Amino acid sequence: LPEDRAQPIQISADQALRDEKQGFTVYQGNVRMQQGSLQIAAQRVTVFHQVEEADRILAEGSPAHMQQRPEPDKGLMHARAETIEYFKSEEKVLLRRNASIEREDGSKVTGDSIEYLIDKQQIRANSSQSGGVVVNIPAETVQGKEDADPNQPAEQGETEQEGERGAPDSQ
Amino acid sequence: MQKTAVQVFVAITLVLLASYYWSPGGSPDADPATVARRQALAQTYLYDTRSWEYDEDGALTEALEASRAEYYARRKVSELTQPRFYSHDGNDRTWSASADRGIYRHRAEVLQLRSSVNLSNDQTGGVLNTQAMTLNLKNNTATSKVPVTITQGPNTIRADGMEADLNLERIVMKPNVESTYVAPRT
Numbered sequence: 000l001p002e003d004r005a006q007p008i009q010i011s012a013d014q015a016l017r018d019e020k021q022g023f024t025v026y027q028g029n030v031r032m033q034q035g036s037l038q039i040a041a042q043r044v045t046v047f048h049q050v051e052e053a054d055r056i057l058a059e060g061s062p063a064h065m066q067q068r069p070e071p072d073k074g075l076m077h078a079r080a081e082t083i084e085y086f087k088s089e090e091k092v093l094l095r096r097n098a099s100i101e102r103e104d105g106s107k108v109t110g111d112s113i114e115y116l117i118d119k120q121q122i123r124a125n126s127s128q129s130g131g132v133v134v135n136i137p138a139e140t141v142q143g144k145e146d147a148d149p150n151q152p153a154e155q156g157e158t159e160q161e162g163e164r165g166a167p168d169s170q
Numbered sequence: 467m468q469k470t471a472v473q474v475f476v477a478i479t480l481v482l483l484a485s486y487y488w489s490p491g492g493s494p495d496a497d498p499a500t501v502a503r504r505q506a507l508a509q510t511y512l513y514d515t516r517s518w519e520y521d522e523d524g525a526l527t528e529a530l531e532a533s534r535a536e537y538y539a540r541r542k543v544s545e546l547t548q549p550r551f552y553s554h555d556g557n558d559r560t561w562s563a564s565a566d567r568g569i570y571r572h573r574a575e576v577l578q579l580r581s582s583v584n585l586s587n588d589q590t591g592g593v594l595n596t597q598a599m600t601l602n603l604k605n606n607t608a609t610s611k612v613p614v615t616i617t618q619g620p621n622t623i624r625a626d627g628m629e630a631d632l633n634l635e636r637i638v639m640k641p642n643v644e645s646t647y648v649a650p651r652t
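The listed protein sequences correspond, in order, to chains A and B.
Heads up: the first sequence is residues 0 to 170, going by this note's numbering.
Heads up: the second sequence is residues 467 to 652, going by this note's numbering.
Listed below in structure tokens is the structure:
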């Protein structure tokens with residue numbers, strides 16, 4: 000939700016290692032992180048706190064899960080990847096290795112790495128291997144957009160794909 | 467020559483006899499209960515006391531203060547009121563600890579702090595609060611087996627125990643870790 004970024008970040012875990020000199024805290028074991036509607040579940044979460052603000056958060060798992068409700072009237076967005084890096088001040092999430100983002104309307108993007116801009120609701124997927132970036136957008140979702148007004152530019156939430164090989168195949 | 471030897475022998479014998487019977491501050495024939503009660507008493511009372519410790523190069527490594535210290539010779543412990551401990555790691559990085567009460571075990575060089583215990587990292591401003599903590603002054607570590615809370619600005623981390631290495635400035639908190647990071651007002 001737009002107000003997520005103003006919410007406190009709550010983290011629970013089995014253990015935490017706090018390095019006061021380097022300015023980070025590593026949470027391990029059943030790690031759950033929540034900030035408003037944004038939730039992350041992972042085996043290991045590292046919070047970087049240079050001064051006081053937890054400005055960068057790195058979640059690692061096999062895979063790590065993230066979910067968020069982009070807008071009050073929209074369904075949940077689910078993301079998975081081996082590493083999920085959350086840049087709070089930039090409102091950006093970087094998913095790396097076996098990355099995928101899926102919405103409740105069935106649309107799904109997978110690739111090696113995905114950059115998700117929360118406030119703009121933009122997804123930028125990259126892939127350097129054979130699999131390429133795969134974007135699945137269900138027919139009814141496409142149909143719904145055309146009925147709205149075909150001449151209108153794509154609404155927010157458009158997906159940019161950058162991949163070395165193969166055009167994304169939409170079913 | 468023989469006369470001198472006899473005189474020396476007699477002198478030594480007298481000294482030995484005297485030391486056998488004369489024990490300063492107590493009569494040798496006191497009953498065990500009295501001796502036990504006497505040993506249970508503090509041997510030394512100190513008020514507003516402070517001690518410093520330096521390493522071989524003369525650098526200050528730690529300072530220990532207390533508003534009152536009672537030293538018990540037999541147990542080799544000092545019971546402290548309002549102890550305050552300062553640990554210096556030689557690189558101008560310090561930790562400070564304080565509590566309502568403490569026990570310093572001289573042989574083991576262990577300081578056990580009790581009640582309103584604070585441990586603060588003077589560089590980062592992080593403060594750890596708990597009700598019981600043991601400081602090992604030999605290897606500069608601190609441990610707690612009861613709930614602890616670290617506060618730094620508006621952010622907090624709490625757990626049911628912790629182990630801190632004051633030289634590395636690392637704290638392992640477990641189990642049951644709960645943490646809150648508050649977004650700064652923009």
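Backbone N, C-alpha and C fix where the C-beta goes; we use that ideal spot for every residue, glycine too.
Keep in mind it's a predicted model, so treat the numbers as computed, not measured.
Q) Terminal residues of the continuous beta strand (DSSP E) containing V576/B? A) Residues V576 to N587.
Q: Identify the continuous beta strand (DSSP E) that holds Q9/A and give its terminal residues.
A: I8 to A12 is the extent of the beta strand (DSSP E) around Q9/A.
Q: Check E154/A in the structure and name its three-state DSSP category.
A: Residue placement at E154/A is flagged as unreliable, the pLDDT there being 43, under the threshold of 50; the coordinate-derived value follows with that caveat. If DSSP states are grouped into helix, strand and coil, E154/A belongs with coil.
(Q) Against chain C, does V638/B count as a neighbour if the rule is that its beta carbon must be under 8 Å from one of theirs? (A) Here the protein chains are A and B, and chain C is not one of them.
Q: Flag this pair as yes or no: are the beta carbons of A15/A and A41/A separated by less than 8 Å?
A: For A15/A and A41/A, no; Cβs fall outside 8 Å.
Q. So R17/A and T24/A are in contact, right, with Cβ under 8 Å, and what is the actual spacing, rounded?
A. Right, the Cβ-Cβ distance comes to about 4 Å (below 8 Å), so this counts as a contact.
**Q.** For L585/B and L594/B, believed in contact at Cβ under 8 Å, the rounded distance
**A.** 4 Å between Cβ atoms; contact.
Q: Give the range of the beta strand (DSSP E) segment to which E89/A is assigned.
A: Where E89/A is concerned, there is no enclosing beta strand (DSSP E), because DSSP gives it neither an H nor an E.
(Q) Please tell me whether S106/A and N135/A are closer than 8 Å, where the distance is taken between their beta carbons. (A) Against a cut-off of 8 Å, the Cβ pair of N135/A and S106/A comes out as a contact.
Q. So what's D631/B in DSSP terms, helix, strand or just coil?
A. D631/B falls in the strand class under three-state DSSP.
Q) Is S562/B close to chain A, meaning its C-beta is less than 8 Å from at least one C-beta of that chain? A) Answer no: the Cβ-Cβ gap between S562/B and chain A never drops below 8 Å.
(Q) Counting only C-beta atoms, is P641/B closer than 8 Å to chain A at any point? (A) Yes, contact with chain A.
Q. The beta strand (DSSP E) with G110/A in it runs from where to where?
A. For G110/A, the enclosing beta strand (DSSP E) covers residues K107 to L116.
Q: Indicate the three-state DSSP secondary structure (helix, strand or coil) for P71/A in the structure shown.
A: In the structure shown, P71/A sits in coil (DSSP, three-state: anything other than H, G, I, E or B).
**Q.** Inter-residue spacing [alpha-carbon to alpha-carbon] between L37/A and N29/A
**A.** Roughly 17 Å separates the two Cα atoms.
(Q) Could you tell me which whole beta strand (DSSP E) segments of length 3 or greater appear in the region 509 to 569 of chain B? (A) Scanning the region 509 to 569 of chain B from its first residue to its last, the whole beta strand (DSSP E) runs of 3-plus residues come out as 510 to 520, 526 to 538, 543 to 547, 550 to 554 and 560 to 564.
Q) In chain A, which residues lie less than 8 Å from N587/B when you measure between Cβ atoms? A) Against chain A, the beta carbon of N587/B has neighbours under 8 Å at E19, listed in chain order.
Q | Residue environment, T109/A, which counts as buried when at least 16 other CB atoms sit within 10 Å | A | Residue environment analysis places T109/A among the buried positions, since at least 16 neighbouring C-beta atoms fall within 10 angstroms of its C-beta.
Q) If you draw a straight line from the C-alpha of P592/B to the C-alpha of Y511/B, how long is it? A) Going by the sequence as given, residue 592/B is Gly instead of Pro. If you take the alpha carbons of G592/B and Y511/B, they lie about 34 Å apart.
Q. Out of L116/A, Q6/A and S11/A, which has the shortest C-alpha to C-alpha gap to K640/B?
A. The shortest Cα separation from K640/B among L116/A, Q6/A and S11/A belongs to S11/A.
Q: Classify P1/A as helix, strand or coil using the three-state DSSP reduction.
A: Residue state, collapsed to three classes: helix.
Q.
Measuring only the C-alpha atoms, how far is Q33/A from E2/A?
A. Between Q33/A and E2/A, the C-alpha separation is close to 13 Å.
Q. Considering only C-alpha positions, which residue in the set R534/B, D626/B and D514/B is nearest to T596/B?
A. Of R534/B, D626/B and D514/B, the residue nearest in Cα terms is D626/B.
**Q.** Beta-carbon neighbours of S553/B, restricted to chain A and to distances below 9 Å
**A.** Below the 9 Å Cβ cutoff, chain A contributes no neighbours of S553/B, its closest Cβ being approximately 13 Å away.
Q. When you compare only the Cα positions, how much space is there between E82/A and V648/B?
A. Sequence check: residue 82/A is Thr here, not Glu. Distance between the alpha carbons of T82/A and V648/B: 23 Å.
Q) Looking at the unbroken beta strand (DSSP E) that takes in H36/A, where does it start and where does it end? A) Position check: residue 36/A holds Ser in this sequence, whereas His was assumed. Looking at the DSSP string, S36/A is not in any beta strand (DSSP E), and its letter there is neither H nor E.
Q. Roughly how many whole angstroms lie between the Cα atoms of L0/A and I56/A?
A. Straight across, the Cα-Cα distance linking L0/A with I56/A is about 18 Å.
Q | Residue from Q589/B, N606/B, V612/B and G619/B whose Cα sits closest to the Cα of K20/A | A | It is Q589/B.
Q: Name, please, each residue of chain A whose Cβ falls closer than 7 Å to the Cβ of V648/B.
A: Ordered by position in chain A, the residues that pass the 7 Å Cβ test against V648/B are P7.
Q: Could you run through the region 585 to 617 of chain B and flag, in chain order, every residue whose CB is less than 8 Å away from some CB of chain A?
A: The region 585 to 617 of chain B vs chain A, Cβ under 8 Å: N587, Q589, T590, G592 and I616.
Q: Grab me the residues of N587/B's own chain with a C-beta within less than 7 Å of its C-beta, minus the 5 sequence neighbours each way, in chain order.
A: Same-chain partners within the cutoff: W561 and E635.
(Q) Closest to N610/B by C-alpha separation, out of D521/B, P620/B, R573/B and S582/B, would be which residue? (A) Per the sequence shown, residue 610/B should be read as Ser rather than Asn. Comparing Cα-Cα distances from S610/B to each of D521/B, P620/B, R573/B and S582/B, the minimum goes to S582/B.
Q. Quick one: which chain B residues come within Cβ less than 9 Å of I10/A?
A. Ordered by position in chain B, the residues that pass the 9 Å Cβ test against I10/A are I623, V643, E644, S645, T646 and Y647.
Q: Express the C-alpha separation of E90/A and Q27/A in angstroms, rounding to a whole number.
A: In a straight line, the C-alpha of Q27/A is about 24 Å away from that of E90/A.
Q: Mind listing the chain B neighbours of T24/A? Cutoff is C-beta to C-beta under 8 Å, in chain order.
A: Listed along chain B are I623 and S645, each with a C-beta nearer than 8 Å to that of T24/A.
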